[in-house]
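Everything in the sequence shown is counted per the working numbering, starting at 17 for the first residue and increasing by one.
Glycine residues also receive a C-beta, built at the ideal position from the N, C-alpha and C atoms.
For clarity, every value in this text was computed on a predicted model and none was experimentally measured.
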Amino acid sequence: MKYIAEPFKIKVVEPLRMTTAEERREAMERAYFNGFALRAEEVYIDLQTDSGTGAMTNTQWAAIMVGDESYSGARSYYHLMKVAEDLFGYAYNQPVHQGRAAEKVVFPVLTKPGQYWLSNTFFDTTRGHVGLAGGRPVDLVCPEGLDTSTYADFKGDADVEAMERFIVEHGVDQIAGIVMTITNNTVGGQPVSVGNLRAVRALADQYGLLVILDAARFAENAMFVKQREAEFADSTIEQITRESFAQADLFIMSAKKDAIVNMGGMIGVRDNEEIVGKLKSNVIAFEGYLTYGGLAGRDLEALAVGLREALDEDYLRYRLGQGQYLGARLEKAGVPFQNPVGGHGVFVDAGKLLPHIPWQQFPGHALAVELYLEAGIRSCDIGSLLMDRDPVTHEPQQAPAEFTRLAIPRRVYTQAHLDVVADALEAIAARADQVPGYEITWEPPVLRHFTAHLRPVKP
Ligand SMILES: *Cc1c(COP(=O)(O)O)cnc(C)c1O
């Protein structure tokens, strides 16, 4: 697999500090073996997340200078509205400060207490906000989505038949609607086909339900559709985006992903003035006046430019190619991962790589710690550490898979950086049986993976 070269050149550089193995050991001990507590300066290659960590272009930075900071009716707001209307085709578009702000505004308006929301898989903050609004989130991904070893083109698809069974079984009054996450972040950034979005739309129409797109990675999803769904081989990314959004009634978006800004989010409503009216009240209460929605004018301007840049096919080919290159190197080294590689990074199957570590000792976290100690690479657990305890019994819960996520920031790292990551994983794989499991010495009641203290388990 050949690396697809960057369709840009470097204009500004940010020096990185190199550390010794001894310094990294000390830093990890001080951080209670939790990468979130490291100082970013102690990290060489930071693959913790692709959220808000992308590099903006010279055009975006220039747009920041022309941002209009008027409280209401700013020029930058109208610029963003024009771009969003053209791209998504929705009547109402609303900036907010990030993705979870959109969730906080939208779900209370559309949820009656106790109602279910169905999804191809909820992202954790979305799941959280459905719960806070009194709703009950249900994940119904297609069976291939949870099988890490076999290839499928669209592992992010919803299981539409299972959704219909659920609706029939519980009664349509008990269902608030359907959320489709594109790409499906939690199962590994796996794409969702337009065919699946259309099938969900048809199901929702049959039962009179709303469909919401959680569209943080809409452009990466569209590029996968172009590459893998025959009907769209000759379509532009813009056309595929339009067709995808046409299958939903609302969208919520973290703009910190594909729109390549460091902070921002959006809400869109296709054509429902009643819903728009209710959303506006929440926006003003939580985010600020409608024409800035928690963002500075310069942020609106950078977002307007970023949304357009996200559609560039040369960029998307390179972007998806980075993950695929890293995946190909890992395959050669015999390191198991969610296959095929998703849009925003590689999900290494730590459960398979470290079979001697039981899930109660967090294989995904163990590999993340080891990667840092080996080469200063920060990643994170998407496994049983991320799973909180059962809210009722307080028993630990086993995740469906024990992943270590290597999220790739946009336009930030080079091929040589990815080689450092692959080399480090190869070295760890060669001494996999010596990697220790971890136990928790302190944890908060919820969202423990951010702040928990851990220590290695002595063999
Ligand atoms: C990141 C993300 C969110 C939350 O967005 P924030 O900007 O982090 O608040 C919601 N949904 C998906 C699919 C995401 O990837």
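Query raised in the report: Among L54, Q222, G313, A71, which has the Cα closest to the Cα of Y93?
Result: With distances taken between Cα atoms, Y93 lies closest to G313.
Requested in this report: Leaving out five residues on either side along the sequence, give the residues of the same chain with a beta carbon under 7 angstroms from the beta carbon of D66.
Outcome: For D66, where only same-chain residues beyond five positions count, the Cβ hits under 7 angstroms are K273, H360, G361, A423, I424, P425, R426.
Report task. Flag R421 as yes when its Cβ comes closer than 6 angstroms to any non-hydrogen atom of ligand 1, and as no otherwise. Result -> The beta carbon of R421 sits no closer than 6 angstroms to any heavy atom of ligand 1.
Query - Under 7 angstroms between C-beta atoms of A440 and E390 - result: Between A440 and E390, the CB-CB gap stays under 7 angstroms.
Query raised in the report: Do the region 144–162 and the region 318–332 meet, that is, are 3 or more Cβ pairs less than 8 angstroms apart?
Result: Cβ pair count under 8 angstroms is below three, so no.
**Report entry** Heavy atom of ligand 1 within 6 angstroms of T197 beta-carbon
**Finding:** With a threshold of 6 angstroms, the Cβ atom of T197 counts as near ligand 1, since some heavy atom of the ligand is closer than that.
Query raised in the report: How many whole angstroms separate the CB atoms of F363 and Q354, which I take to be in contact at a CB cut-off of 8 angstroms?
Result: In this structure F363 is in contact with Q354, their Cβ atoms being roughly 4 angstroms apart against a cut-off of 8 angstroms.
Query raised in the report: For the alpha helix (DSSP H) that G4 lies in, which residues bound it at each end?
Result: Since the first and last residues shown for the chain are 17 and 475, residue 4 lies out of range.
**Report entry** Assigned exposure category for F52 - 16 Cβ within 10 Å defines buried
**Finding:** Per the 10 Å Cβ criterion, exposed.
Query raised in the report: Where does L219 sit, in a helix, a strand or coil, going by DSSP?
Result: Correct three-state label for L219: helix.
Query raised in the report: Going by the beta-carbon positions, is the gap between D10 and A384 smaller than 7 angstroms?
Result: Since the first and last residues shown for the chain are 17 and 475, residue 10 lies out of range.
Report task. Report all residues for which the CB-ligand distance to some heavy atom of ligand 1 is below 6 angstroms; order them along the chain. Result -> Those residues, listed in chain order, are S67, Q114, G115, R116, F139, T141, T142, T197, N201, D230, A232, S270, K272, K273, G281.
Query raised in the report: Which residue's Cα is closest to the Cα of A271: D62, F49, A235, F24?
Result: Out of D62, F49, A235, F24, A235 has the C-alpha closest to the C-alpha of A271.
**Report entry** Outcome for N74 when other beta-carbon atoms lying within 10 angstroms are tallied against a minimum of 16
**Finding:** Exposed, because fewer than 16 other Cβ atoms sit within 10 Å of the Cβ of N74.
Query raised in the report: Looking at C-alpha atoms only, which residue of E303, D169, V203 is the closest neighbour of E245?
Result: Checking every option, the nearest Cα to that of E245 belongs to D169.
Query - C-alpha distance - M278 paired with Q64, whole-angstrom precision - result: The identity of residue 278 in the sequence shown is Asn, whereas the question assumes Met. C-alpha separation (whole angstroms): 15 angstroms.
Report task. Name the residue from G343, T430, G89 whose alpha carbon lies nearest to the alpha carbon of I26. Result -> For I26, the nearest C-alpha among the options comes from T430.
Query raised in the report: Which word fits Q114, buried or exposed, when buried means at least 16 other C-beta atoms lie within 10 angstroms of its C-beta?
Result: By the 10 Å Cβ count, Q114 comes out buried.
**Report entry** Local conformation of K361 per DSSP, three classes
**Finding:** Residue identity check: residue 361 is Gly in the sequence provided, not Lys. In the structure shown, G361 sits in a strand (DSSP, three-state: E or B).
Report task. Thinking V241 and I256 are a contact (beta carbons under 8 angstroms), I'd like their distance in whole angstroms, please. Result -> With 8 angstroms as the limit, V241 and I256 qualify as a contact, their Cβ atoms being about 5 angstroms apart.
Requested in this report: Going by CA-CA distance only, name the one from K296, Y341, G105 that's closest to P111.
Outcome: Of the candidates K296, Y341, G105, K296 places its Cα closest to the Cα of P111.
Query raised in the report: Going by alpha carbons, who is nearest to L126 out of R143, T142, A149?
Result: Looking from the CA of L126, the closest CA among R143, T142, A149 belongs to A149.
Requested in this report: Return the CA-CA distance between V176 and G193, expressed in angstroms with no decimal places.
Outcome: Spanning the alpha carbons of V176 and G193 requires a straight line of approximately 13 angstroms.
Query raised in the report: Under the rule that 16 or more other beta-carbon atoms within 10 Å means buried, what is A275, buried or exposed?
Result: Residue burial annotation: A275 is buried, with at least 16 other C-beta atoms found within 10 angstroms of its C-beta.
Query raised in the report: How big is the Cα-Cα spacing for R217 and P472?
Result: Linking R217 to P472 through their CA atoms gives a straight-line distance of about 48 angstroms.
**Report entry** Nearest neighbour of G284, chosen from T141, A264, Y19 [CA to CA]
**Finding:** Closest by alpha carbon: A264.
**Report entry** Residue burial classification, H95 (beta-carbon count within 10 angstroms, cutoff 16)
**Finding:** Buried.
**Report entry** Proximity test, F104 beta-carbon vs ligand 3 heavy atom, cut-off 6 angstroms
**Finding:** In the structure on display, ligand 3 does not appear, and the ligands it does have are ligand 1.
Report task. Within the region 81–140, note down every full alpha helix (DSSP H) run reaching 4 residues or more, in order along the chain. Result -> Annotation: the region 81–140 contains the following complete segments of the alpha helix (DSSP H) (minimum length 4 residues), in chain order: 91–104, 115–126.
Query raised in the report: Which first and last residues belong to the alpha helix (DSSP H) in which R345 is found?
Result: Per DSSP, R345 belongs to the alpha helix (DSSP H) from 329–348.
Query raised in the report: So what does DSSP say about F198, is it helix, strand or coil?
Result: A small fix is needed here, since residue 198 is Ile in this sequence, not Phe. The DSSP-derived three-state label of I198 is coil.
Requested in this report: Please name the residue, chosen from A349, S395, H433, that lies closest to A448 on a Cα-to-Cα basis.
Outcome: Taking A448 as reference, the option from A349, S395, H433 with the minimal CA-CA separation is A349.
Query raised in the report: If T35 and G392 are in contact, beta carbons under 8 angstroms, what's the gap, nearest whole angstrom?
Result: Indeed, because the Cβ distance is near 5 angstroms, the residues count as touching under 8 angstroms.
Report task. Taking all protein chains shown into account, decide if Y167 is buried (16 or more other Cβ within 10 angstroms of its Cβ) or exposed. Result -> When all chains shown are included, Y167 counts as exposed.
Requested in this report: Express the C-alpha separation of P475 and L323 in angstroms, rounding to a whole number.
Outcome: In this model, L323 and P475 are separated by some 50 angstroms (Cα to Cα).
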